[in-house]
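*Asks:* In our numbering, the protein residues as written are 5 to 148.
Below is the structure:
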């Protein structure tokens with residue numbers, strides 16, 4: 005849950021703000037109901053219950069919370085280490101936006117499962133871009 009990592013890192017105000025935002029977005033986007041309906045394979049009902057305008061904030065909040073807690077705990081020292089999580093947030097949001105139309109083998113996947121399927125795409129593209137930029141960055145560092 006966004007904010008718990010910050011609490012563990014003793015960043016209490018930031019953690020409580022992220023937890024508060026998570027609750028607001030969760031409630032306004034009907035996220036718990038969507039999860040329940042999706043696990044019951046009631047995809048049409050899940051799509052109908054989704055408040056997309058609110059739920060589209062969730063991936064950014066979620067992946068920011070992961071990155072921020074990791075960075076505060078001493079990680080993320082390598083240049084461009086944030087890129088896989090940035091692209092994950094982007095692709096999960098795109099998956100959410102297309103969840104009403106995009107089918108897989110003729111089946112609607114819905115607003116919970118399709119964004120999850122877009123996650124590895126975002127992680128992979130972000131990691132590839134990070135790798136390319138690190139190659140360029142390391143060449144520039146060696147020249148100086």
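All C-beta atoms, glycine included, are put in the ideal place defined by N, C-alpha and C.
Tell me whether residue 108 sits in a helix, a strand or coil according to DSSP, three-state version.
*Replies:* If DSSP states are grouped into helix, strand and coil, residue 108 belongs with the strands.
*Asks:* List the whole-angstrom C-beta distance separating residue 8 from residue 24, where the pair is believed to meet the contact cut-off of C-beta under 8 Å.
*Replies:* About 13 Å separates the two Cβ atoms, so there is no contact after all.
*Asks:* Within a Cβ cutoff of 7 Å, which residues of the same chain sit near residue 116, ignoring the five residues on either side of it in sequence?
*Replies:* Around residue 116: 38, 39, 42 and 50.
*Asks:* Could you pull the start and end residues of the alpha helix (DSSP H) that residue 101 belongs to?
*Replies:* 87 to 101 is the span of the alpha helix (DSSP H), which, as asked, contains residue 101.
*Asks:* Quick one, which of 77, 110 and 128 has its alpha-carbon nearest residue 96's?
*Replies:* If we check each option's Cα against that of residue 96, 128 comes out closest.
*Asks:* Using a Cβ-Cβ cutoff of less than 7 Å, which residues in the same chain neighbour residue 66 once the five nearest sequence positions on both sides are dropped?
*Replies:* Counting only Cβ-Cβ distances below 7 Å, and skipping sequence neighbours, we find 6.
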